[in-house]
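S.K.: Once you've had a glance at the structure underneath, I'll fire off some questions.
Numbering (the numbering used here), first residue to last: 452 to 585.
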């Protein structure tokens, strides 16, 4: 993977993880039953971005440990903040645990990509030191 392409993927994944953080924020609003209609609309938008961006990320990463089915199942388990707010504490914890598993897996992927980026930068540095001039 070229360095520019890798840098773009890292930025995309960082933005994607921000959406996952927002998803968690809305789960907390549901838990404390403190949400508005605007929150519901934003939650729907975040879920849309998570679902769409997943496809771009999966297309860019070979054998990703995150699967479409797991993410879709999680998104499907949280149709709205209101639904989550009416879910039992056990049900909400289940959604939260599934969210956490995906979030940690995505963080791991991001870390691996950053390691690869650093390795490419180091190779470029050494290659430039020993490159013939003239």
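The beta carbon of each residue, even a glycine, is placed where N, CA and C say it ideally should be. Note that the structure is a prediction, hence the values are computed from the model and not measured.
Do you know whose CA, among 453, 574, 534 and 517, lies nearest residue 486's CA?
M.R.: Residue mapping note: residue 486 aligns to position 35 of the chain shown, counting from 1. When only C-alpha atoms are compared, the closest one is 534.
S.K.: Decide yes or no for the touch test of the segment 514 to 531 against the segment 487 to 506: beta carbon pairs closer than 8 Å, at least 3 of them.
M.R.: Contact holds: three or more Cβ-Cβ distances are below 8 Å.
S.K.: Going by Cα to Cα distance, which pick from 473, 467 and 555 is closest to residue 516?
M.R.: Here residue 516 refers to the residue found at position 65 when the chain shown is read from its first residue. Comparing Cα positions, the closest option is 555.
S.K.: Specify whether the segment 476 to 490 and the segment 535 to 554 touch according to this definition: at least 3 beta carbon pairs, one from each stretch, less than 8 Å apart.
M.R.: They touch, by the three-pair rule.
S.K.: Terminal residues of the continuous alpha helix (DSSP H) containing residue 508?
M.R.: Here residue 508 corresponds to residue number 57 of the chain shown, with the count starting at 1. First-last of the alpha helix (DSSP H) with residue 508: 488 to 511.
S.K.: Classify residue 481 as helix, strand or coil using the three-state DSSP reduction.
M.R.: Looking up residue 481 in the chain shown gives position 30. Correct three-state label for residue 481: helix.
S.K.: With respect to the alpha helix (DSSP H) encompassing residue 524, which residues constitute its N-terminal and C-terminal limits?
M.R.: Here residue 524 is taken as the residue at index 73 of the chain shown, counted from 1. Looking at the DSSP string, the run of the alpha helix (DSSP H) that includes residue 524 is 519 to 527.
S.K.: For residue 474, which of 551, 463, 454 and 512 has the nearest alpha-carbon?
M.R.: To locate residue 474, count along the chain shown from 1; it is residue 23. Per the Cα distances, 551.
S.K.: What are the boundary residues of the alpha helix (DSSP H) that includes residue 533?
M.R.: Position 82 of the chain shown holds residue 533. Residues 532 to 537.
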